[in-house]
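J.: Starting off with a structure, shown below.
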Amino acid sequence: MCRIYGCFGGGTVGREVLDAVAGAMLEGGPDEQTCRVGDGWAVGTNRLAIQGIAHGHQPFERDGLTCAFNGEIYNHRLLRAELAAKGYSFEGDCDGDVLLPLYELYGDAFVSRLEGMFAIAVVDRRDEPCLKLFTDHAGMKSLYYHLSADGRRLSFASELRALSRFPDFPDEIDPLAVDRYLGGRAVWGPSTVYARVRTLEPGSALRFAGGRLSVTRTPPEPDPDWRDGELTVAGAAAELDELLRQELTRMLDADVPVCVITSGGLDSSYTTALAAHLVSDVASFNIAYRGDWPADERHFAEEVARHCGTRHHQVLLEPADFPGIIDRFVRHLDQPNNAPHSLSTFALFEAVHDAGFKVALTGDGADELFCGYARFVKAARDTSTTWHRAYQDTMAAVATPALDRLYTPDYLARVSEAGGRFADRSGDDLDRRVRGAEHDKLETLLRYDQFERFPYYILRRVDHLSMAHSVEARIPFLQPSVMRLAHALPAHVKVSGDTVKAPVAEAARRWVPASVVNRPKQPFTLPITAMIKPGEALHDMIGDLLLGPGARCHDYVRRDTVNDLFRTQTQGPEAHAAQTLWSLLVLETWLLAREPKP
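In UniProt numbering, the protein residues as written are 1 to 598.
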């Protein structure tokens, strides 16, 4: 696992610039910093040493080829054996050693042989010199890039704050990104909060040579052929259980300590139970908040830990400390993201690091693959002509009607001139996809979420906030084998009667206490509605930042509407007001973080 960066074309970039780029994301790779510089190109890595520690130095090189790699390749030993049979030799056990030999043999198609998570950069100087960038199909690892003003140089990095250290970084906020953020809870790719900066989408390959840029996006591998009798909840659960045990066996294999995140929900509990079955003395981590708050799941996490025999770590946050944590996690997120549990995620990975762990397994992705949210089912069954607008409102930080009252007249006019609100446009796009899809409505909704929203709202949070503390997050549910299984299952298997995510629940019954499997779904979150009230630190922070005369967010939102929301929340906590105020707090904190410190 590493952070990677580099540039290609447009002349030489000074070493002091490259050092600044690397230094901006040092937490993601504190173990070793290396950069290779050639004629008009540079490729660098900050290494977080996880696998093959003694020999896994980057960038990797072969004749005419240089490669930098962020991620983990879990089938590297099988690939190494295949390559050794073809005459390649290796020293050590680093997963990244297989990348350039595979590239030599298969060209760009080499990524189809990889099972894991990755963002890869290859400088190929053998024919026409070119830069190539690749991402895995789930989009687990971030990669940002931009072209210089003259179009001759492409620069890239794992984090935006590192990319911004290149001297030609286009530091101009796209004002429409605020509407995309409030309409989608995050800035969905491939665009970013900066007008001329992009992110590489899941399953994409970028090629840059001679000032010419092309990006292709390949679909996931075909769904497997299923035999008659296996398209049942029980059959799918048995297959899922076998696949997850195989994936976890590989993920628990590391040269450093590995732990498990246990929220108390079904997916993380199932992951915890399988990990504890496969290896002894597993450590589990849960986070909660001091005091008596709604949605406290710590007792479920403790029950799972006792059931599985893990060494359980209960992390408790003090709400009075939230303002300082907010400032820190927003800086590491790179872009506004309204997920309240970003605060919890950031603090949890900090505790994981402080306890001496470099790798943590999470249960992310199961809801999006196997239909774990009621909003999917409700939308799939909605036969009205406006179902897509209602669905998109469930994806938004602020519902569409409320945006008309929130935006300033000037900003609302600007959004209208640009084609209308993001929430409306994305909802209409989803409706078109459903009408023309080869899959049924539910599966189309799931895949839309998996590839258009999930990478930017959830996975960027997991990636950036874990690496902020030098921790690698591994996600079993997002491995290719599990994704292929999920894509093959029909709607009646994923949703059985009133049971959503039915194969996961059925598979977990063997391993997880019934009280966890059978309880109503409860999202892992921060109870902001209850926490934004007089006397609490969040309430004071919002009042100071959003109601002050110098608030930057008032370039986009009406001061009087923000005052009304704050008054409503002060007089009686209310979910809509709390969600909007939290979203604006994150936006304001991000805008402040961009300004240089005095």
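Here a beta-carbon is modelled for each residue, glycine too, at the ideal position from N, C-alpha and C.
It should be emphasised that the depicted structure is a prediction, and the values quoted were computed from it without experimental measurement.
With H, G and I counted as helix, E and B as strand and the rest as coil, what does DSSP make of E2?
T.: Along the sequence shown, one-based indexing puts residue 2 at 2. Looking at the sequence itself, residue 2 is Cys, so the reference to Glu does not match. Strand, per DSSP.
J.: Looking only at DSSP bridge pairs, what is K132 linked to?
T.: One-based indexing of the sequence shown puts residue 132 at position 132. In DSSP, K132 forms a bridge with V122 and R207.
J.: Could you check what DSSP says for Y448 in three-state terms: helix, strand or coil?
T.: The count along the sequence shown starts at 1 and reaches residue 448 at position 448. The answer is helix: DSSP assigns Y448 an H, G or I state.
J.: Tell me the DSSP bridge mates of S214?
T.: Taking the sequence shown and counting its residues from 1, the one referred to as residue 214 is at position 214. According to DSSP, which records beta bridges pairwise, S214 is partnered with R207.
J.: Taking contact to mean 3 or more Cβ pairs, one atom from each stretch, closer than 8 Å, check whether the region 39-56 and the region 2-16 are in contact.
T.: Yes: at least three Cβ pairs fall under 8 Å.
J.: Which residues does DSSP pair with H554 in a beta bridge?
T.: Counting from one through the sequence shown, the residue named residue 554 turns up at place 554. For H554, which the question treats as bridged, DSSP gives no partner whatsoever.
J.: Return the chain-ordered list of same chain residues with a C-beta closer than 6 Å to the C-beta of R36, the five sequence neighbours on each side being excluded.
T.: Your numbering for residue 36 matches position 36 in the sequence shown. Around R36: V43, P59 and T66.
J.: So what does DSSP say about I152, is it helix, strand or coil?
T.: Sequence index remark: in the sequence shown, residue 152 carries index 152 (1-based). Here residue 152 turns out to be Arg, not Ile, going by the sequence shown. Correct three-state label for R152: coil.
J.: Compare the beta carbon distance of G56 and C94 with 7 Å and say whether it is the shorter of the two.
T.: To locate residue 56, count along the sequence shown from 1; it is residue 56. To locate residue 94, count along the sequence shown from 1; it is residue 94. Against a cut-off of 7 Å, the Cβ pair of C94 and G56 comes out as a contact.
J.: For M117, write down the residues that DSSP places opposite it in a beta bridge.
T.: In the sequence shown, residue 117 corresponds to position 117, counting from 1. Per DSSP, E72.
J.: L581: buried (16+ other C-beta within 10 angstroms of its C-beta) or exposed?
T.: Taking the first residue of the sequence shown as 1, we reach residue 581 at position 581. Label assigned to L581: buried.
J.: Indicate whether F454 and E574 have their beta-carbon atoms separated by less than 7 Å.
T.: Along the sequence shown, read from residue 1 onward, the residue named residue 454 stands at position 454. Along the sequence shown, read from residue 1 onward, the residue named residue 574 stands at position 574. The answer is no: Cβ separation not under 7 Å.
J.: How many angstroms separate the CA atom of P129 from the CA atom of R405?
T.: Here residue 129 refers to the residue found at position 129 of the sequence shown. Here residue 405 refers to the residue found at position 405 of the sequence shown. Near 53 Å, if we compare the C-alpha coordinates of R405 and P129.
J.: Compare the Cα-Cα distances from residue 613 to each of P323, L18 and G14 and report the closest residue.
T.: Any property of residue 613 remains undetermined from this structure, which presents the chain solely from 1 to 598.
J.: Does the region 289-299 touch the region 390-405, meaning 3 or more C-beta pairs lie closer than 8 Å?
T.: Because the criterion of three Cβ pairs below 8 Å is not met, the region 390-405 and the region 289-299 do not touch.
J.: For the candidate residues K533, L592 and W41, whose alpha-carbon lies nearest to that of R328?
T.: Residue numbering aside, residue 328 sits at position 328 when the sequence shown is read from its first letter. Cα-wise, what sits closest to R328 is L592.
J.: Does the region 180-188 come within contact of the region 105-112, defined as at least 3 CB pairs closer than 8 Å?
T.: The region 180-188 vs the region 105-112: no contact.
J.: Any idea if K86 is buried or exposed, counting beta-carbon neighbours within 10 angstroms, 16 or more meaning buried?
T.: One-based indexing of the sequence shown puts residue 86 at position 86. K86 is exposed by the Cβ-count criterion.
J.: What number of angstroms, rounded off, separates the C-alpha of D228 from the C-alpha of D241?
T.: Locating residue 228 in the sequence shown gives position 228, counting from the first residue. Locating residue 241 in the sequence shown gives position 241, counting from the first residue. Only weak support exists for where D228 lies, its pLDDT of 46 falling under 50; the value from the coordinates is given anyway. Using only the alpha carbons, I get a separation of about 19 Å.
J.: For the beta strand (DSSP E) containing R47, name the first residue and the last one.
T.: In the sequence shown, counting from the first residue as 1, residue 47 sits at position 47. Note, R47: beta strand (DSSP E), W41 to R47.
J.: How far does the beta strand (DSSP E) with Q392 in it reach, from first residue to last?
T.: In the sequence shown, counting from the first residue as 1, residue 392 sits at position 392. No beta strand (DSSP E) contains Q392, which is instead part of the alpha helix (DSSP H) from W387 to M395.
J.: Output the residue ranges of the beta strand (DSSP E) runs that lie fully inside the region 455-508 and measure 3 residues or longer, sorted by chain position.
T.: The qualifying runs are 472-474.
J.: If you drop the 5 nearest sequence neighbours on each side, which residues of the same chain put their C-beta closer than 7 Å to that of A551?
T.: Position 551 of the sequence shown, counting from 1, holds the residue named residue 551. If we look at A551 and ignore the five residues flanking it on each side, its Cβ neighbours are L545 and E588.
J.: Taking 8 Å as the cut-off, does the region 469-482 touch the region 360-374 (at least 3 CB pairs, one atom from each stretch)?
T.: The answer is yes - the region 469-482 touches the region 360-374, with three or more Cβ pairs under 8 Å.
J.: Looking only at DSSP bridge pairs, what is C308 linked to?
T.: In the sequence shown, the residue the question calls residue 308 occupies position 308. Paired residues: none, contrary to the question.
J.: Would you give the residue range spanned by the alpha helix (DSSP H) that G184 belongs to?
T.: Residue numbering aside, residue 184 sits at position 184 when the sequence shown is read from its first letter. Unbroken alpha helix (DSSP H) run through G184: L176 to G184.
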